[in-house]
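Asker: Residue numbers (my numbering): 4 to 116.
Glycine is no exception: its CB is placed at the ideal position from the N, C-alpha and C atoms.
(1) Which first and last residues belong to the alpha helix (DSSP H) in which residue 54 is found?
(2) According to DSSP, simplified to helix, strand and coil, what is residue 94?
(3) How is residue 74 classed by DSSP in three states: helix, strand or coil?
(4) Grouping DSSP H, G and I as helix and E and B as strand, with all else coil, what is residue 39?
(5) Could you give the distance in angstroms between the alpha-carbon of residue 80 and the alpha-carbon of residue 86?
(6) Grab me the residues of residue 53's own chain with a C-beta within less than 8 Å of its C-beta, minus the 5 sequence neighbours each way, in chain order.
(7) Assign residue 95 to buried or exposed, taking buried as 16 or more other Cβ atoms, counted over all protein chains shown, within 10 Å of its Cβ.
(8) My output table needs one value for residue 66: the three-state DSSP class, helix, strand or coil.
(9) Grab the span of the alpha helix (DSSP H) containing residue 86 for me, first residue to last.
(10) Look at the Cβ atom of residue 11, then the Cβ atom of residue 84, and state whether they are nearer than 8 Å.
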């Protein structure tokens, strides 16, 4: 999965939320309704691990803290896209949920499922 492409497509579609989960394609919320992001394959656990590493790449301590505590509250600002807020718990499998736009900042949430 190309995380930045998924985020870009969601922003272009006006999605307020993006949910990434193992064995599901990315899910977007538009106008209050959830639906699969067309043309995207089901995500693997490795896809989500790579996305987590990408989000935490500028501050490796964030990834270490997430792995130690199971919690992450951070931000991700890929070039050419809005800033995303990242947060969420870790459970048995990593999963990713990118979330709602507010005041020009796109929140991005990590959630373990």
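Answerer: Let me spell this out:
(1) To locate residue 54, count along the chain shown from 1; it is residue 51. Residue 54 -> alpha helix (DSSP H) spans 48–58.
(2) As a working mapping, residue 94 is identified with position 91 in the chain shown. Note that residue 94 scores 47 on pLDDT, short of 50, meaning its location in the model is unreliable; the coordinates nonetheless yield the value given after this. DSSP, read as helix, strand or coil, puts residue 94 in coil.
(3) Counted from its first residue, the chain shown places residue 74 at position 71. Three-state DSSP puts residue 74 in a strand.
(4) Residue 39 sits at position 36 when you count from the first residue of the chain shown. If DSSP states are grouped into helix, strand and coil, residue 39 belongs with the strands.
(5) Locating residue 80 in the chain shown gives position 77, where the first residue counts as 1. Locating residue 86 in the chain shown gives position 83, where the first residue counts as 1. Distance between the alpha carbons of residue 80 and residue 86 is about 4 Å.
(6) Start at 1 with the first residue of the chain shown, and residue 53 comes out as number 50. Cβ within range, chain order: 4 and 6.
(7) Here the question's residue 95 lines up with position 92 in the chain shown. Unreliable placement is indicated for residue 95, whose pLDDT of 33 sits below 50; no coordinate value is reported for it.
(8) The count along the chain shown starts at 1 and reaches residue 66 at position 63. Residue state, collapsed to three classes: helix.
(9) Working through the chain shown from its first residue, we reach residue 86 at position 83. Taken as a continuous stretch (DSSP letters only), residue 86 belongs to no alpha helix (DSSP H), as it is neither H nor E.
(10) Taking the chain shown and counting its residues from 1, one reaches residue 11 at position 8. Taking the chain shown and counting its residues from 1, one reaches residue 84 at position 81. Result yes, Cβ atoms of residue 11 and residue 84 sit closer than 8 Å.
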